[in-house]
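Below: one structure, written as C-alpha cells.
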C-alpha cells in the first residue's frame, strides 16, 4: 500500500488473532501503527506475531483502541473484560451480529459509553492467522454501529480504522445492521445450503447438466458450517421472519405444483417469479450505485490468453467493464464471456468487437 | 464458423421461429443446409426469414428432419401434426420438458417411431427471432431423449444436428432428463425467485450491504415469468418432491432458529450447512470433469485495462484459467478478481504474480 500515513492514532490492541484480527494487525502495522496482539491460544498469537501483525501484548500497554475479534459466542464477555482492563480505551468488536453483544453489555452494566460495535463485510473460506491478509478489507463495506450511549467521536475513530484498512465505512445502528445481514447474508446462506443439499442424491447425469444458474445459486453453500452455526444462532430471531415468509411463499408454490391445472395455480407461480424479478432489481450495481448495464456475450476459444486478448482490446477501446462472467462450457472447448457495460457504450463496443473478429452471441 | 460442411443431410423444417427455432435456422443456413421455416405468426415468420434463418415453408417441401420449437404447452399437438403432415420425416422438439410430450403423443396414437425428443440447454433472457444467434448452442449440452419406440439412427440424426450447431450431445431418456432438470434447473429457478422476493421490502441500507453471495444466489430470479410458468407447470410432478424435501429441511431450520438454545438446535443448523457442503461438491467443474481448482484472489485498480493486463500476464505465464470471477467493490475503486486454476500451478502462479507486482489477497 506504500508509505501512506495512518489516520489511526495511538496504540491499537487486537484481541483474537484469527483471520480478521490478524488481517487488521497486518494492515495497521504496514501503516506504522503500534499494534499489540492478544489471544487465548499462545500458538495462534505466536503465529500472528511471526506473520508481522504486531507485537505480543504486555502489562505496560496503553491502547487508545481495542479491537475484539473473537468468535460471536464469546464476544460480549471479552468486550466487557477489555472495557474494564483498559479504562481509557475505545473498544470495538468485528462480529457478524451487533444487537446481541450490545444488549449483553448493557445488561451486565459494562461501560458501554466507550463501546461501539462494527462489522467489516469481509471474510474468506479459510480461517486463522495463516489466511490473514493486510488487504482483506479493501473495497468492502465496514459497518459502524453507534448506539444511544456512544459518543460521536468514537464513530470517527472507527471510520479512521476502516479507511486505514481500505474499507468503506457505513454507519448503521446495531438492530438495523442485524436486520440487514439477516436478509442479504444469513438467509441467502441457509437457502443456498438447503438448495445444494438437493444435489446429494442426484444422479451424475443430472449434475452433468448443471449450468451457471445452479453454480451461482449454490456457490456459498461451500462455507464453513462451524462458523455459520454461531452466526445464524446469534441472529436467529431476525432470520426467522425472513425464512418464515419464504416458507409461506414456498407452500404456495408447492400447492401450485401439486395441481398445476387447478384454478389459480398458474397465477401463484407467476406471482412468485414476478416477485423474484422485483426483488433482484433492488440489488445495487457496482460501487453501490443502482447502475443499469447492458450485457454482451462473447464466445472465445478455451485456451490461455484468449480472454486476456479480449480484455486488452476492450481496454484499447477505452471501455470500462461493470461486470464480467466466465461461463463454463461442459464438454466443449468454447468459453462464454459475459461483459456488462454501461448501456451507452454497448452498441459501439459490440460493433467494434465484431469488426475485430470476435463472435458475439 | 467458416466454410465447414454440415453433418446434417437433407431438408430441415423448423416450426416455430422464436429464439430457439430461429437460432437453429441461422446455424444450419450458415452451413448451407436447406432450411424451411413455419410459424403461426406471419410477422414472426417474416422476421426470421429476413434475419436469414431459412426460406418460408411451401407445400412442396420434403423435410428429412422437422424441428418443433414452440412453447411447452402446445408442443405435443404440433409434433403430432408434423408427424402426420411429413410421413417420411424424423420429428424432434426442443422443449425444456420431455416426458409429458412423449406420453401425450403415445396416448394420441401418433407415429412416435419417427419422434425423438431433444433439449438444447441454451437460452437468453430475451426471446423472439430478433434475439436469435447462430452461435446460441455453442458449447452447451444438447440432450437427446430416445424412447422405447425410437430407432437408433434417429439419435444419430439428432447428434449430427447438435454437433452442427456446436453443442455437445448428451443421450438421456425423457424421464431421466426431466428428473435432472427438476433438480439442476427448475428448483434453483424457484428458490432464487423465492429468495429474491425477500428483498422487495428490504430497506435501501440493507441492499447496499449486498455482497457477491446475494448477487449469485439471486441472479436467475431475473428470468422471464411467462416462460417459466409453462416450464414449471409442465414438470411440476418432478419439481414437487425436490422442493418438498427442501421444505422439510427448511422447517427444521425454522424450528432451530425459533429456539437456537434448545437441545439439538445447533446440530440441526450444522446438519443443513454440512449437507450444503456435500451437495455443492457434486457439481462438476469445467468441461463436465470433476476438476478440483485452487482460487487466487487478486486486487486490481478499477480502471480500463487492468484486468486485461492481469490476464495477459497470466497468458504469458502459460496458465489456463478454469474460472474467473470479478467481484464488485461497493463504494471503492478496487476490483477483486478471483482466479480458479489447477492446484498444481496455483503456487507458481501466485509467486509469479507477486513478482510482477500484483496484490494477492
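Residue numbers (the numbering used here), protein chains in the order written: chain A, 1 to 361; chain B, 1 to 361. Idealized CB from N, CA, C, for every residue including glycine. In this text, all values refer to a predicted model and were calculated from it rather than measured experimentally.
Look at residue 130 of chain B here: in three-state DSSP terms it is helix.
Apart from the 5 residues on each side of it in sequence, residue 307 of chain A sits with its Cβ closer than 8 angstroms to the Cβ of 300, 326, 335 and 337 in its chain, given in chain order. Beta-bridge partners of residue 115 of chain B (DSSP): B:91. Of all alpha-carbon atoms in A:130, A:102, A:185 and A:127, the one lying nearest the alpha-carbon of residue 148 of chain A is that of A:102. Within the stretch 253-315 of chain B, the complete beta strand (DSSP E) segments of 3 residues or longer fall at 294-301, listed in chain order. In the structure shown, residue 342 of chain A falls within a coil segment according to DSSP collapsed to helix, strand and coil. Contact with chain A is absent for residue 30 of chain B, since none of that chain's Cβ atoms lies less than 8 angstroms from the residue's Cβ. Only buried fits residue 93 of chain B, as 16 or more other CB atoms lie within 10 angstroms of its CB. With a threshold of 8 angstroms between beta carbons, residue 16 of chain B makes no contact with chain A. For residue 191 of chain B against residue 217 of chain A, the beta-carbon gap comes to about 7 angstroms, under 8 angstroms, which counts as contact. Within the stretch 135-146 of chain A, 135, 136, 138, 139, 140, 141 and 143 place their CB atoms closer than 9 angstroms to a CB of chain B, listed in sequence order.
Flagged as an interface residue toward chain B: residue 188 of chain A, by a C-beta distance shorter than 8 angstroms.
Spanning the alpha carbons of residue 143 of chain B and residue 131 of chain A requires a straight line of approximately 43 angstroms. Scanning its chain for C-beta atoms nearer than 6 angstroms, with the 5 sequence neighbours on each side dropped, one finds around residue 10 of chain B the residues 64, in chain order. In terms of CA proximity to residue 342 of chain A, A:296 leads the group A:296, A:164 and A:232.
With a threshold of 8 angstroms between beta carbons, residue 242 of chain A makes contact with chain B. In this structure, the alpha-carbon of residue 19 of chain A lies about 33 angstroms from that of residue 246 of chain A. The Cβ atoms of residue 67 of chain B and residue 127 of chain B lie no closer than 8 angstroms to each other. Rounded to whole angstroms, the gap between the alpha carbons of residue 158 of chain A and residue 118 of chain A is 8 angstroms.
Residue 108 of chain B sits exposed, since fewer than 16 C-beta atoms from the chains shown fall within 10 Å of its C-beta.
Boundaries around residue 171 of chain B are those of the beta strand (DSSP E), 168-171, since no alpha helix (DSSP H) includes it.
By the C-beta density criterion, residue 27 of chain B is buried, having at least 16 other C-beta atoms within 10 angstroms.
In the DSSP assignment, residue 204 of chain A falls within the alpha helix (DSSP H) that extends over 204-207. Close partners of residue 191 of chain B in chain A (Cβ separation under 8 angstroms): 191, 194, 195 and 217. When Cβ-Cβ separations below 8 angstroms define contact, residue 185 of chain B makes contact with chain A. Listed as beta-bridge partners of residue 144 of chain B by DSSP are B:118 and B:171.
From the listed residues A:274, A:344, A:69 and A:31, the smallest Cα separation to residue 200 of chain B is found for A:274. A contact is defined here as three or more CB-CB pairs under 8 angstroms, and the stretch 264-274 of chain A meets this definition with respect to the stretch 221-233 of chain B. Bounds of the beta strand (DSSP E) holding residue 68 of chain A are 65-68.
Distances from the CA of residue 243 of chain A to each of B:198, B:62, B:44 and B:168 were compared; the closest alpha carbon is that of B:198.
Chain B has no Cβ within less than 8 angstroms of the Cβ of residue 356 of chain A. Neighbours of residue 152 of chain A in chain B, taken as residues at a C-beta separation under 7 angstroms, are lacking, since the least C-beta distance is about 19 angstroms.
When rounded, the separation of the alpha-carbon atoms in residue 249 of chain B and residue 237 of chain A is 18 angstroms. Taking C-beta atoms as the reference points, residue 239 of chain A and residue 187 of chain A count as a pair closer than 8 angstroms. By the CB criterion at 8 angstroms, residue 133 of chain B and residue 233 of chain B fall outside the cutoff. For residue 12 of chain B, the enclosing beta strand (DSSP E) begins and ends at 12-15.
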